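Inspection log for the structure reproduced underneath, given as structure tokens.
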Ligand SMILES: [Ca+2]
Ligand SMILES: [Ca+2]
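Residue numbers (the working numbering): 9 to 194.
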């Protein structure tokens with residue numbers, strides 16, 4: 009009787025282990041990959057919305073943050089993080105909920121080596137980083153000069169075209185003059 013009891017217990021244990029493994033196997037998702045992931049020369053990361061994704065996780069050298077959606081400014085993120093120029097492994101994946109609310113990855117991890125070179129990745133005066141210097145940049149610079157927009161560290165470098173260490177209306181005016189062709193450089 010004692011022996012049968014032991015046998016029953018070991019069978020039960022085997023079942024528990026088996027179901028445990030089965031339970032673990034269930035958490036493995038049939039993941040698709042993120043589509044159209046691209047990073048521009050100015051560090052703007054874009055991708056197609058992933059079905060079912062509530063948020064995305066962006067990571068640099070393994071340290072991740074939850075981000076809302078495409079597009080994402082990688083240079084700005086690295087600048088805020090105090091990163092020096094150099095090569096970084098950046099990665100992105102979709103999550104079914106906010107990670108702090110127990111969200112789980114639902115896409116495969118997209119990763120690449122990114123050459124972060126902040127001093128060459130933007131054009132002076134191109135405040136909105138769309139590749140061209142125009143009146144919209146001058147207006148943004150003006151808003152920064154009067155405190156309506158708070159510039160990021162990278163934007164400070166881009167917008168302070170006269171390099172006096174401050175964003176003032178003089179920078180905004182220079183950007184405007186450049187945008188309309190009155191001056192050819194800063
Ligand atoms: Ca621009
Ligand atoms: Ca300035």
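For every residue, glycine included, the Cβ atom is placed at its ideal position computed from N, Cα and C. Given the structure is predicted, the values throughout are model-derived calculations rather than measurements.
Any non-hydrogen atom of ligand 1 within 6 Å of residue 145 CB: Yes, ligand 1 has a heavy atom inside 6 Å of this Cβ.
What ranges does the beta strand (DSSP E) occupy inside the segment 115–154, keeping only unbroken runs of at least 3 residues that lie completely in it? List check, beta strand (DSSP E) in window: 118–124.
Residues of its chain near residue 32, where Cβ-Cβ distance is below 8 Å and the 5 sequence neighbours each way are ignored: Note on residue 32: pLDDT 45, under 50, position unreliable in the model; the coordinate value appears next. Excluding positions up to five away in sequence, the list is empty.
If you measure between the beta carbons of residue 85 and residue 122, is that distance less than 7 Å? No, they are not a contact pair.
Helix or strand or just coil, what does DSSP make of residue 84? Residue 84 falls in the helix class under three-state DSSP.
Leaving out five residues before and five after residue 185 in sequence, what residues of the same chain have Cβ atoms less than 7 Å from its Cβ? Answer for residue 185: 191, listed in chain order.
What does a CB cutoff of less than 6 Å around residue 61 pick up in its chain, not counting 5 residues either side in sequence? Once the five neighbours on either side are set aside, the close Cβ partners of residue 61 are 102.
Closer than 6 Å to a non-hydrogen atom of ligand 2 - does that hold for the CB of residue 176? Flag set: Cβ of residue 176 near ligand 2.
If you reduce the DSSP assignment to three classes, tell me which class residue 98 lands in. Correct three-state label for residue 98: strand.
Confirm, please, whether the CB-CB distance from residue 175 to residue 270 is below 7 Å. This structure does not reach residue 270, given that the chain is present from 9 up to 194, and the question cannot be answered.
Any heavy atom of ligand 2 inside 6 Å of the beta-carbon of residue 84? No, ligand 2 has no heavy atom inside 6 Å of this Cβ.
Starting from the Cα of residue 56, find the closest Cα among 169, 112, 111, 77 and give me that residue. Of the candidates 169, 112, 111, 77, the one whose C-alpha sits nearest the C-alpha of residue 56 is 77.
What is the rounded straight-line gap between the Cα of residue 79 and the Cα of residue 44? Cα to Cα, residue 79 sits roughly 12 Å from residue 44.
Close beta carbons around residue 141, own chain, < 7 Å, minus the five adjacent residues each side: Correct list, in chain order: 131, 133, 134, 183, 186, 187.
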